[in-house]
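Position 149 of the sequence shown, counting from 1, maps to 177 under my numbering, and the rest follow consecutively.
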Amino acid sequence: MHKRSLFFYILVFSVVVTFSVIGVTFYQTGGFSLLFYLALFLTIGLLVWLFLHQRKLYYDELSKVSDFVDRDWLQGLFRFFPLGMFILNDKGDVLLANNRVIEFFKQPQEDIQGTSLRELLGPKPEKFFIDSIERGKASDIWKDEFFLDNEVNSFTWVSLTVCAIPLTNSVQELWSMTLEDVTAKRVLRDKLDRVRTEQSLILDNTNMGLALIKDKKVVRANNALGDLLGRYTASMLNQPWHQVFHLNADHELLDDIINVLSSQTSYDTEIKLKRDDETSFWCRLNARPASRDGVSSGIIISLKDSSHQRDRDDELRKAAVVFEASSDSIMVLDADGLIRMVNTAFTKMTGFTEEDIVGKSPRLLRANREEEKRYDVMWQTVIRKGHWRGELWRRKKSGEKYPEWASITAVRDSNDKVLEYVIIGSDMSERKFAEDRILYQANYDQLTNLPNRNLFMDRLHQSLQRVHREETLLALLFIDLDRFKNINDSLGHSAGDKLLKKISEVMRATLRESDTIARFGGDEFAVILSPVYGPKNASRVAQTLLETLSQPIDLDGYKAIIGASIGISMYPTDGNTEEEMVKNADIAMYRAKESGRNNYQFFTEEMQEAAKKRLLMENDLRDAIERQELYLVYQPQVEAKSDVLAGAEVLIRWKNQQRGMVSPSEFIYLAEDTGLIVPIGEWVLKQACLQYRRWQKAGVAPPYLAINVSGRQFKMDGFSESVYQILEDTGLESKYVELELTESFLMDDQEFAINTLQELKDMGFQLSIDDFGTGYSSLSYLKKFPIDRLKIDRSFVIEIDSNEEDRAIVRA
């Protein structure tokens, strides 16, 4: 149906509205009026005029079309044109259609004529037509493709072409549109696009660089080639091939590649090329003619990076060298576990040659048949985890057994299938010897070859577990040699070592094979008696040891006589752990020393209590200086003949908040034993010097101060300098200080004592020996010491008036 103009519809609407108003008026007045008849007449007349006008317009357009196709040849061309063709007005109405359109839509000419594009093709083609004629020029041609999906033409692609029809009056009112069914073309084009896309995907995702060379230029290349050469793919297109591959124009490789065309053969080589960043790489290059049906299209060049392959080849060559040059034996087994190859080191290590062993099972290398189960577990681990490391015992061709540290690795392919097994082994004989030596050194005393403390504690632990299970008894003896230090210092360390060796031999001969004796260090030993039947059994062994150790021991002509103090703890009464047993035996040993030495003591709860008290006193003594519980008193020294004050001796006192006054005989020994005597001695020296300075300022200072120095303090490194520094800090001259030293510790190391005493003497100190007469010093040694005074021990002179022997010594 021909479309009406917008003006027509507006006019009809106006007339109808007018007529309606008149009708309403008539209805309201209740009768017809002249005005009503006049409106009705005008409305009918207007409608008739509009119909005739629209009909005239249609036939005018049709006349124009008829004029356009008036000639017979032109009508035939239009009617039988192979493409569908429409004649349209500027509103998109079909004025005329050819046979191809009629066939396409399967409708007669009469039904198609006057139909709009929207009805025939849909809204999108209609919009395409309207937009084209509105924005275009008369000479323009517009083309586009659309998808149709209707009852007549389902799933069809059409190509529409629109152009203006020039008329004689130059008025652009008619348009032609051609319609072509391009469904088959679209399918073919889509298929070609898919093929091209797939080809591009294949080319761009292969790791091989590809290029098509035509007329010595790169006309096509994939991304892999760009990656290899370090440049963008697009930058290589239409470029001379020698520039793309960074080669000189006269490079011989180019001639070899050109010959591919004439010979119609491929060319293959390995070459080193450069990238754009000047780095180089090795690649495998292949050139072959690109031809189809005998027609040449150029040369296809493929490049594959061979750097990794060359590296692998190098690694294989190196591996072969390592395989033969390795000092470790290497054995390669096939997937069935049979020996495939061995290296030279294997032959040297085992004595088996390749001829002896290739093709055979490695079982012939096993040293112990009883390890069959262990070997099964080992191979299960290799199969499950891919590797195993551990120690194996091997058998040489000669039958000799040796330990080997072996590493077994399964070599698998990409499908996780085992290809072979590699076994690398090293002879551990020397290492085992070294390990045994280290283990021995870690557990045995190097001098006496007795177990050391570490091994002793381990054996004690095992013994305690055993006697606990068996419900038997165990005794632990802790032995400390008496007077060993005197012999060691007087005869030298070499003599002391010999003495320790002989004592070890004597004690080992005295004890049973089931007993354990160990050297704890220095002159301390420990013994495990297991089993024992009671304390009496332990006391008999202790007494036997005391008697044995009391016998003279020959040291290159010198008869050394020593004794021992032995402490005994019993399981289970004196402890349940090895630490408790050793601690309690040690406590008992100290009680034996306090009881006069050369005896044994069983551990008792009273000893434990005494040890606790000693520990508490030690803790209190550590805090005594900070709490200001220590203080000094000064004992005047008077000249006997003149009754004149000769000096003053410094004495230390301790008043504890809980204990009250503590006797020096109690805490001085404890301070010596724990090492607290060093800080206490420094404090005493400093406080005494400060007090003497105050006396000097007050004018009441004695001629000198006598200050005791402990043996531990005297032997401390830098003792002389530390004493002098205290005097510097307090401002006291050294001539006012007399240092008192005990005879016994001076004799421990006489050379050291003489040197240190001389240093102190050179600094200006006065020196004296305290308690002279209780030790072993002789007058020959005494005159070597640079001393100023001797303080005779009280026990030496207490009976001088009643004991004839004492008077004889004094007279002498």
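Positions of the beta carbon are idealized from the N, C-alpha and C atoms, including for glycine.
Looking at the structure shown, is residue i part of a helix, part of a strand, or coil, going by DSSP?
i           : result
residue 793 : coil
residue 456 : coil
residue 141 : coil
residue 121 : strand
residue 770 : strand
residue 320 : strand
residue 842 : Given that the chain is displayed from residue 29 to residue 840, the structure contains no residue 842 and the question cannot be resolved.
residue 153 : helix
residue 466 : helix
residue 631 : coil
residue 736 : strand
Identify the continuous alpha helix (DSSP H) that holds residue i and give its terminal residues.
i           : result
residue 580 : Segment: none, residue 580 is in no alpha helix (DSSP H) and carries neither H nor E.
residue 400 : 400-413
residue 739 : 739-742
residue 537 : 521-538
residue 129 : 127-133
residue 228 : 211-233
residue 335 : 335-353
residue 589 : First-last for residue 589: undefined, no H or E at that position.
residue 719 : 705-726
residue 698 : 692-702
residue 615 : 606-622
Along the beta strand (DSSP E) that carries residue i, what are the first and last residues, could you check?
i           : result
residue 549 : 544-549
residue 662 : 658-666
residue 277 : Premise fails: residue 277 is in no beta strand (DSSP E) and is neither H nor E.
residue 495 : From DSSP, residue 495 is part of no beta strand (DSSP E) but of the alpha helix (DSSP H) over 481-498.
residue 751 : That residue, residue 751, is in no beta strand (DSSP E); its alpha helix (DSSP H) goes 747-758.
residue 507 : 501-510
For the putative contact between residue i and residue j, defined by C-beta atoms under 8 Å, what is the C-beta separation to the nearest angstrom?
i           : j           : result
residue 366 : residue 388 : 7 Å
residue 237 : residue 304 : Not quite, the Cβ-Cβ distance comes to about 14 Å (not below 8 Å), so this is no contact.
residue 492 : residue 599 : 6 Å
residue 418 : residue 437 : No, residue 418 and residue 437 are not in contact; Cβ-Cβ is about 13 Å, not under 8 Å.
residue 118 : residue 169 : Actually they are not in contact, since the Cβ atoms of residue 118 and residue 169 sit about 16 Å apart, beyond 8 Å.
residue 246 : residue 272 : 5 Å
Can you give the Cα-Cα distance for residue i and residue j, rounded to whole angstroms?
i           : j           : result
residue 742 : residue 788 : 11 Å
residue 725 : residue 761 : 14 Å
residue 194 : residue 203 : 9 Å
residue 669 : residue 677 : 19 Å
residue 689 : residue 659 : 11 Å
residue 592 : residue 507 : 6 Å
residue 30  : residue 154 : The pLDDT assigned to residue 30 is 44, lower than 50, so where the model puts this residue is not dependable; a value taken from the coordinates is nonetheless given after this. Those two C-alpha atoms are separated by around 16 Å.
residue 279 : residue 207 : 58 Å
residue 805 : residue 574 : Since pLDDT at residue 805 reaches only 48, below the 50 mark, its modelled position is unreliable, and the value read off the structure follows with that caveat. When rounded, the distance between both Cα atoms is 28 Å.
residue 333 : residue 434 : 38 Å
residue 183 : residue 175 : 7 Å
residue 707 : residue 681 : 15 Å
residue 458 : residue 439 : 30 Å
residue 97  : residue 224 : Any answer about residue 97 is weak, because its pLDDT of 49 lies below 50 and its placement is not dependable; what the coordinates show is given next. Distance between the alpha carbons of residue 97 and residue 224 is about 45 Å.
residue 620 : residue 763 : 44 Å
residue 134 : residue 227 : 41 Å
residue 301 : residue 285 : 15 Å
residue 747 : residue 686 : 34 Å
residue 268 : residue 241 : 9 Å
residue 290 : residue 331 : 21 Å
Going by the beta-carbon positions, is the gap between residue i and residue j smaller than 7 Å?
i           : j           : result
residue 252 : residue 276 : no
residue 112 : residue 132 : yes
residue 797 : residue 767 : no
residue 368 : residue 478 : no
residue 385 : residue 488 : no
residue 583 : residue 523 : yes
residue 718 : residue 735 : no
residue 589 : residue 580 : yes
residue 360 : residue 450 : yes
residue 782 : residue 738 : no
residue 256 : residue 270 : no
residue 636 : residue 616 : no
residue 566 : residue 503 : yes
residue 679 : residue 661 : yes
Examine chain D for any beta-carbon lying closer than 7 Å to the beta-carbon of residue i, and answer yes or no.
i           : result
residue 648 : As a matter of chain content, chain D is missing from the structure shown, which is built from one protein chain.
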